[in-house]
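One structure is given below, encoded as structure tokens.
There are 2 protein chains.
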Amino acid sequence: MPKPKSRPQKRRRRSIITFEMIQLDRTAAEPLHEQLYRQMRDELKSGRFSDGSSRLPSSRALAADRGVSRSTVRLALSKLHAEGYLSSKTGSGTFVANLLPETFLTANQLQTDESIQRPARVSNRVKAIPDKRTGNQFDLGATGAGPGVSLVASIPAVDEFPIAVWERLRAQILAKKGVNLLRYSSNRGDVDLRKALAAYLCDFRAARCHPDQIVIVAGMQQAMLISAMSVLNPGETAWIEDPCYQQTRRVLSLAGVKVVPKPIDAQGIVIARSPKELLPKMIYVTPSHQFPLGVTMSFQRRTDLLDFARNHNAFVFEDDYDAEFRFVGPPLPSLQGIDTAGRVIYAGTVSKILCPSLRLGYIVAPEHLVDAFVKIRSAMDQHSSPIEQATLARFITEGFFLSHIKRMRKIYAERRDFFIDQFNELLGDRFTLQIPEAGLNIVAWLKHEEEFETIKRITSEIGVRPSALSFFCIQANLKPAFVFGFAAWTRTQIRESLIRLASALRNHDQNSNHGRQSR
Amino acid sequence: MPKPKSRPQKRRRRSIITFEMIQLDRTAAEPLHEQLYRQMRDELKSGRFSDGSSRLPSSRALAADRGVSRSTVRLALSKLHAEGYLSSKTGSGTFVANLLPETFLTANQLQTDESIQRPARVSNRVKAIPDKRTGNQFDLGATGAGPGVSLVASIPAVDEFPIAVWERLRAQILAKKGVNLLRYSSNRGDVDLRKALAAYLCDFRAARCHPDQIVIVAGMQQAMLISAMSVLNPGETAWIEDPCYQQTRRVLSLAGVKVVPKPIDAQGIVIARSPKELLPKMIYVTPSHQFPLGVTMSFQRRTDLLDFARNHNAFVFEDDYDAEFRFVGPPLPSLQGIDTAGRVIYAGTVSKILCPSLRLGYIVAPEHLVDAFVKIRSAMDQHSSPIEQATLARFITEGFFLSHIKRMRKIYAERRDFFIDQFNELLGDRFTLQIPEAGLNIVAWLKHEEEFETIKRITSEIGVRPSALSFFCIQANLKPAFVFGFAAWTRTQIRESLIRLASALRNHDQNSNHGRQSR
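Here the protein sequences come in this chain order: A and B. If you count the first sequence from 1, position 72 lands on 72 in our numbering, and the numbers rise without skipping. If you count the second sequence from 1, position 354 lands on 1354 in our numbering, and the numbers rise without skipping.
As structure tokens, this is what we get:
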């Protein structure tokens, strides 16, 4: 019911607000204009003046009345304006705004539910990325491997990482370079790190590169994303291995790339002829040690692949994620080292060699692509942590990197051998192991294919969590197998896990035999 | 000239290779198979057997001859196979490969130049990203601000960052959480950090959010990229402010987004009507403190913007990069806090508050977008450093964050006031300062527009390096001005820099007056 216009209460509101309650304290640390602003705001917030016709005194009058300068008053008023408590009408002065912020807040609250229920609108890109699955419905991303969970694939033994050495080097480099490590830094990466990596890669991976070809990145996935975004237009084709590291497909989908899976044979990726529309602009491979099958790409296949890339103006992305952990002889030379036509984009990471949480990797780019890669990185997220980069540079140049690799190679080789021994003893009746020459994983093929679903369920239940090989397959239809990780667990843990698995399987057999017999 | 088939030398080569030079040392640390592999490889590398018809002895014969097991021989041979030194012909045994790796290397060398000269093929995306320019042809990305260079815009005082405290907290958290911080971690970000940020943002930015709405990212650019990739399809439109933070346009281009610049007036971004094809799916704004003009978005404009977003099914990206450094009163409440329809994507960074090298930022996502953001992050580069995240969580919960902000606000306010005093005294005849209520920068408008090119050149020469305002403009045609950074320099440095600029300008005036007079 509208109130009659003549009510005295209404008339009082229309009058000029006097702000009699305001108390300014000239001895306080808070500046006068802030005190004024705060107290006026509290008055206005009370809602007594919220009908839009209450006028404020002029700044001159307010200043005189409160004994402060006009600029103090203006500062307070401009803030109240900005926050929506006041509005100005030209020629008529300043009024209390029709809609006070708090009122607005309450009013809008009512619309919340209706508006939020509108279905979420996400881009096609989000939908195009395959969901992150895990071999056993277990989120590796969140925990690496949770307590009581074992034999998960691709997990390095981070408890062996010499974190104390790392922190000591970090302190040294911080003491030496100081605030220079706190600023924005190069999009390419730390120059000392690029030099150290170039030397390492030339010596130990037979790469042929100059430090200026190296771009430091935040791990293997960013290396892939930057490369894909730099050389492929959305909708163009990349070939990947099938089976393949699951993140590869997700990263390439994010880049808007069409992903075509290619099978693996004993020599590596099969470069069969394709219809012209499926010819690749990039071919993703793991030549040192195919993930997850463990095949080392043959020399013949390497040269065929490079010829193919050259002839089709394509790039080869060499993911050299764990070449360092080769148990049979020294690591094979990289593809990058035998590429003389600038077609190989080489990428490595310290996630497996040192630990994943450093979030550091590197690209060795063909010279003519370096600028494009750096440009993408600078637009994407600027650069990696300068402190971590400088620490890694020191870790390499002072010899800790090589000695850690050497030490871990020995530990992993022992664990691999122990795993093989124990596995064959305890589970040799059900699986045939494929002995890997490198890496952190072992493929175990089922002798009785029909046991697959049972084993998958039981491994998931008992916390011994190899990935089903099929988890890494796109179109490949391989015989059933599981990929076990052996690297992150001690002998005791390995033996205990395998005993647990073997007895769970035996129990299941007995129960189902019993079940069958009693029926 | 082909050699006659009957030459004795040829016949000798066709015979079985005996590897007489091989010396195996049973006491060496190097395994026998590695010694065998290495020495056989050296023999083969010598090139004496490289014509493709030299056959190897059987593994049985070789094993017997050298007194080693057949498995030792097989390991060595398989490696030589993999590396391309050997090839097998079914039924005929093992031969020296036609093309030895080293031969291949040399042969290919000749093709290098021709192949590399092919023009670099980079994606359209790379070309679409505007080049990274700087206000004064000076690469901020590489150095922040080099020695002897001053008054660069947007540089925080990293020398005031309490790095010793940070490192102490880091050591504490490492001691407490140990190897758990070395593994892969959550794509969303550290849960303690998300809780600490949610509490901070609700208390000090008047945000309304739950820790589950927070996604930790590697800085503001990644926040933008993830948001753009999550809600826009390639080719769809985003509005940005004009003038604008230059990286915004680059990030959105990387996401394949069409960027439409919108002018700024005294209330903030102007939401004028647009042709339907230019309607935005995302609107990028800096409401607390427009970069670089410093305008605070009015309350009316905020509500208009949110209404517009709701009515057009668009999202507002609120870049709240330096709201903490407000000198007039407490920071204004965020847009996010008054959005009740899930249309605001709020993003912050510690690059200005703490220091850029931490590479940490955060998104407060509308609830229905959180999963999409996390999915994009997991495909992009997994997650940020768990150690740095945990350290930041502790830095916030133990009160260092707030006390650092408070301390820096005081330092910056003093530097701002000192800059204004000195600037007006020394350069007041040429510039009119626009006093900022917040942030690290001050806009100085030219009184004599024709001096622009001269001042631009001179600032570049003498190492006092404000950015030309035009550098941040896309279509906006503003009066000539420079954006000075005052935050990262001491009083002495500020005064010295302004004296240097004033006297360089005076010298230039005198020289050109003199030149004119003498002509």
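Don't be surprised by glycine CBs; every beta carbon is placed ideally from N, CA and C.
Per DSSP, the bridge partner or partners of residue i
i                  : result
methionine 282(A)  : Ala238(A), Phe315(A)
tryptophan 445(A)  : Thr432(A), Ala481(A)
alanine 1347(B)    : Asp1319(B), Ile1363(B)
lysine 1375(B)     : The partner list for lysine 1375(B) (beta bridge, DSSP) is empty, contrary to what the question assumes.
isoleucine 1216(B) : Tyr1362(B)
leucine 1086(B)    : Val1096(B)
alanine 438(A)     : Arg326(A)
arginine 1055(B)   : Phe1095(B)
serine 1467(B)     : Val1483(B)
isoleucine 16(A)   : Arg55(A)
Where residue i falls: helix, strand or coil (DSSP)
i                     : result
threonine 1094(B)     : strand
proline 1263(B)       : strand
serine 78(A)          : helix
arginine 273(A)       : coil
valine 1152(B)        : coil
arginine 1302(B)      : helix
valine 1257(B)        : coil
asparagine 1513(B)    : helix
serine 185(A)         : coil
serine 497(A)         : helix
threonine 143(A)      : Caution is warranted here: a pLDDT of 41 is assigned to threonine 143(A), below 50, making its placement in the model unreliable, and no coordinate value can be reported.
glycine 337(A)        : helix
glycine 268(A)        : strand
arginine 26(A)        : coil
isoleucine 1353(B)    : coil
serine 227(A)         : helix
glutamine 246(A)      : helix
isoleucine 1129(B)    : coil
glutamate 1167(B)     : helix
phenylalanine 1291(B) : coil
histidine 1033(B)     : helix
asparagine 1180(B)    : helix
asparagine 1233(B)    : coil
threonine 397(A)      : helix
methionine 1021(B)    : coil
valine 1068(B)        : coil
methionine 297(A)     : coil
arginine 194(A)       : helix
alanine 1175(B)       : helix
threonine 103(A)      : Here the model assigns threonine 103(A) a pLDDT of 43, short of 50, so the residue's position is not dependable and the matter cannot be decided.
Nearest-angstrom beta carbon gap, residue j and residue i [assumed within contact, 8 Å]
i                    : j                  : result
asparagine 513(A)    : glycine 485(A)     : Contact doesn't hold; Cβ gap of about 31 Å is too wide.
glycine 219(A)       : glutamine 1382(B)  : 6 Å
isoleucine 411(A)    : glutamate 167(A)   : Not really, about 22 Å apart at Cβ, beyond 8 Å.
arginine 55(A)       : threonine 94(A)    : 7 Å
isoleucine 1216(B)   : leucine 1181(B)    : Between leucine 1181(B) and isoleucine 1216(B) the Cβ distance is about 14 Å, and since that is not below 8 Å, they are no contact.
leucine 505(A)       : isoleucine 455(A)  : 7 Å
alanine 1206(B)      : glycine 1337(B)    : 4 Å
glutamine 1290(B)    : isoleucine 1264(B) : 6 Å
proline 292(A)       : proline 243(A)     : 6 Å
lysine 132(A)        : arginine 250(A)    : 7 Å
alanine 1076(B)      : serine 1087(B)     : Actually they are not in contact, since the Cβ atoms of alanine 1076(B) and serine 1087(B) sit about 16 Å apart, beyond 8 Å.
phenylalanine 431(A) : alanine 444(A)     : 4 Å
valine 1364(B)       : alanine 1153(B)    : About 27 Å; that fails the 8 Å criterion.
glutamine 1422(B)    : arginine 1500(B)   : Contact doesn't hold; Cβ gap of about 12 Å is too wide.
(message) Three or more C-beta pairs under 8 Å: does that hold for the segment 367 to 384 of chain A against the segment 221 to 231 of chain A?
(response) Touching, yes.
(message) Does the segment 1374 to 1383 of chain B come into contact with the segment 232 to 246 of chain A, if we say contact requires no fewer than three beta-carbon pairs (one atom in each stretch) closer than 8 Å?
(response) Touching, no.
(request) Report yes or no: do the segment 16 to 30 of chain A and the segment 53 to 66 of chain A share at least 3 C-beta pairs separated by less than 8 Å? (result) With a cut-off of 8 Å, the segment 53 to 66 of chain A and the segment 16 to 30 of chain A count as touching, because enough Cβ pairs lie within range.
(message) Taking 8 Å as the cut-off, does the segment 259 to 271 of chain A touch the segment 1386 to 1404 of chain B (at least 3 CB pairs, one atom from each stretch)?
(response) Note that the segment 1386 to 1404 of chain B does not touch the segment 259 to 271 of chain A; fewer than 3 beta-carbon pairs, one per stretch, sit closer than 8 Å.
(message) So, does the segment 1397 to 1410 of chain B touch the segment 1245 to 1265 of chain B, judging by three or more C-beta pairs under 8 Å?
(response) Segment contact: the segment 1397 to 1410 of chain B against the segment 1245 to 1265 of chain B, fewer than three CB-CB distances shorter than 8 Å; contact not assigned.
(request) Count the C-beta pairs between the segment 318 to 326 of chain A and the segment 338 to 351 of chain A that are closer than 8 Å, then say yes if the count reaches three, no if not. (result) With a cut-off of 8 Å, the segment 338 to 351 of chain A and the segment 318 to 326 of chain A count as touching, because enough Cβ pairs lie within range.
(message) Between the segment 307 to 314 of chain A and the segment 277 to 284 of chain A, can you find at least three pairs of beta-carbon atoms closer than 8 Å?
(response) Counting Cβ pairs under 8 Å, three or more are found: they touch.
(request) Report yes or no: do three or more beta-carbon pairs, one from the segment 1461 to 1479 of chain B and one from the segment 1119 to 1129 of chain B, lie closer than 8 Å? (result) Counting Cβ pairs under 8 Å, fewer than three are found: no touch.
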